[in-house]
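Novice:
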Amino acid sequence: MLYSQSPPQSLTTLPPSPLPSIILLFAFTHIPSTLAITSSSTKNCYSCYRTNGSAPLYFTHYKFQDFRDIAGALDLPPLITNASLATNASATLPFFEDETWKSEWVVQNWNNTDSLGKDTPVFMVNTANNVYIERSNSSSSSSHQSHLTLRTARHPTFQSVAEIVSFSESYHQLSLRLLARVIGSPGACAGIFTYHASSIPSSVQEADIEILTSDPRNRVHFTNQPFVNAAGNDVPQATVNGTVSSDGRRDWTAWNVFRFDWEEKRSMWFINDEKVAELAFHVPRDPSALILNMWSDGGVWTGEMDRFEQAYLQIQWIELVYNTSSVKAGGANEERSESGEVSRSLEKRTLGHEKGCEVVYGVDEMGGEIGTPVLLFNNTGVAMNVKDEAVRGMIWIPLVLVGGLVFGYL
């Protein structure tokens, strides 16, 4: 029987209970929400980090490096046109001498003297002068103030290039994301890749994102190296030629989020959250370094850049979730211990532990900020995130309502 206004007077009525209102008020003010964390809030917990994808992946470590507001950012540093001086160039900013940077990256100064020849005709010199923090020239009020730049330039007698290699060689499966773009003249290659060295070329393990400035501006190459066999023949199943966007509206001269997921049995690549490539052939197996570079040697792959031309790989931020291996190759891949104050200009968080997960954070969750993982579960397994777990987080509401009815409180 439905009562349109009030129940019949023959029925005994009780004063309206405030409990339903209290329950509903409590419910809607306690719906699980995304909770941003800081490095200090989890230092005593055993934490894991979850990514999205066709299947969630879990990692033990997290770090975020932000180049968007670095003090002392430069306009373009003058080029060094002497190869010897370029090799021995100093850092372009004190930023690169800070322990926070040096504990993460090593700026390279090697050259290709040993491999010069028909296939690599241009003398190529890595120089610290081509690694710098550049002042942004964007007029947008919401845009970044600075970014990391890797530059390559063609001089009359050589090509100056840029490369940074991770201090750690112990990355063992990861999810890497960068907000980056490539601009400049044809004849160069921007590389973002993992690398495990070997004296035998066919045994090198490498997973690449490569952008050629001679290519159409929406083309990107994704490869699990080696992509040639011992006889020097191409291995088609080791590489995919992808595009920045399926609709062709974006290219690599715009800012894009490039993502690489290295799993045990496959490599996957994404651009702006859109999956663009997947390979199960030659997936890296062993602990590896990370390498970012901008280079040209005049060979078939890059082409030869015209004299006095330049090209740039520019990066606003790098986000990385990863596992590590304690196995050391000649002691070379032991990670430097963290000590001292972390510079605010390059925030680093390494929160993994060897024991089991007690707290799980998401790096791809709705409502999360870049650089701040979102709390998903606490150590009891209770869901905390709106996107994935809101329904489970509200299960207690009907239970309380039913209990109130049973015991006559509603």
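As numbered in my numbering, residues 56 to 465 make up the sequence shown, in order. No residue lacks a Cβ here, since even glycine has one placed at the ideal position from N, Cα and C.
1. Please classify L140: does DSSP put it in a helix, a strand, or coil?
2. Counting pairs of Cβ atoms below 8 Å between the stretch 295 to 303 and the stretch 234 to 245, do you hit three or more?
3. Would you mind giving the Cβ-Cβ distance between V216 and V161, rounded to the nearest angstrom? I have them listed as a contact below 8 Å.
4. Let me check understanding here. Comparing Cα to Cα, which of D419, W165, V376, S257 lies closest to T142?
5. Assuming contact is defined by CB atoms lying nearer than 8 Å, are A229 and Y377 in contact in what I supplied?
6. Can you tell me the Cα-Cα spacing of L234 and Q371, whole angstroms?
7. Using a 10 Å radius around the Cβ and a threshold of 16 neighbouring Cβ atoms, would you call T182 buried or exposed?
8. Please confirm whether V312 and R236 have their CB atoms less than 8 Å apart.
9. DSSP three-state call for T168: helix, strand or coil?
10. What's the C-alpha gap between H337 and D328?
11. Between the stretch 130 to 148 and the stretch 198 to 215, do three or more beta carbon pairs fall short of 8 Å?
12. I need the DSSP call for W307, collapsed to helix, strand or coil.
13. Taking all protein chains shown into account, decide if I255 is buried (16 or more other Cβ within 10 angstroms of its Cβ) or exposed.
14. Give the DSSP-derived three-state secondary structure of A344 in the structure shown.
15. Can you list, in chain order, the residues of its chain whose CB lies under 6 Å from that of T405, leaving out five sequence neighbours each side?
16. Which first and last residues belong to the alpha helix (DSSP H) in which E154 is found?
17. Do Q163 and E224 have their beta-carbon atoms positioned less than 8 Å apart in this structure?
18. Determine the direct distance from the alpha carbon of P428 to that of L334, and round the result to whole angstroms.
19. Of the choices V331, D130, E318, whose alpha-carbon is the least far from that of I264?
20. Could you give the distance in angstroms between the alpha-carbon of I188 and the alpha-carbon of L131?
21. Thinking C-alpha only, which one of A262, L171, W307, G417 is nearest V295?
22. Just to confirm, are V418 and F432 a CB contact at a threshold of 8 Å?
23. Compare the C-alpha of A373 against each of H227, A126, E364, E159 and name the closest.
24. Between G239, F248, A252, which lies nearest to P490 when the distance is taken from Cα to Cα?
25. Since A208 is in the beta strand (DSSP E), which residue starts that stretch and which ends it?
26. Give the straight-line distance between the Cα atoms of N167 and N279, rounded to the nearest whole angstrom.
27. Could you tell me which of M421, F277, N184, G172 sits nearest to D352, measuring between CA atoms?
28. Going straight from the alpha carbon of V275 to that of M360, what length do you get?
29. Less than 8 Å separating the beta-carbons of Y226 and Y416?
Specialist: Per the coordinate set shown:
1. L140 falls in the helix class under three-state DSSP.
2. Counting Cβ pairs under 8 Å, fewer than three are found: no touch.
3. Not really, about 15 Å apart at Cβ, beyond 8 Å.
4. Looking at the Cα atoms, W165 is the closest of the given residues.
5. As written in the sequence, residue 229 is Leu, which differs from the Ala given in the question. Yes; because the gap between Cβ atoms is below 8 Å, this pair is in contact.
6. Using only the alpha carbons, I get a separation of about 6 Å.
7. Per the 10 Å Cβ criterion, buried.
8. No.
9. Three-state result, T168: helix.
10. C-alpha separation (whole angstroms): 24 Å.
11. Below 8 Å, enough C-beta pairs join the stretch 130 to 148 and the stretch 198 to 215 to call them touching: three or more.
12. When secondary structure is reduced to three states using DSSP, W307 falls in the coil class, being assigned neither helix nor strand.
13. Counting Cβ neighbours within 10 Å, I255 comes out exposed, since fewer than 16 surround it.
14. Of the three classes helix, strand and coil, the one that applies to A344 here is strand, per DSSP.
15. Since pLDDT at T405 reaches only 38, below the 50 mark, its modelled position is unreliable, and the value read off the structure follows with that caveat. Excluding positions up to five away in sequence, the list reads H116, K118.
16. E154 -> alpha helix (DSSP H) spans 154 to 157.
17. No. Outside cutoff.
18. One C-alpha to the other measures close to 28 Å.
19. Comparing Cα-Cα distances from I264 to each of V331, D130, E318, the minimum goes to V331.
20. Just so you know, the alpha carbons of I188 and L131 end up roughly 9 Å apart.
21. The shortest C-alpha separation from V295 is found at A262.
22. Their beta carbons are not under 8 Å apart, which means V418 does not touch F432 by this criterion.
23. It should be noted that the sequence gives Ile, not Ala, for residue 373. Comparing Cα positions, the closest option is E159.
24. Absent from the model: residue 490. The displayed extent of the chain is 56 to 465, so no value can be given.
25. Start and end: 201 to 209.
26. Taking the Cα positions, N167 is about 23 Å away from N279.
27. Closest by alpha carbon: G172.
28. Answer to the nearest angstrom: the Cα atoms are 19 Å apart.
29. No. Outside cutoff.
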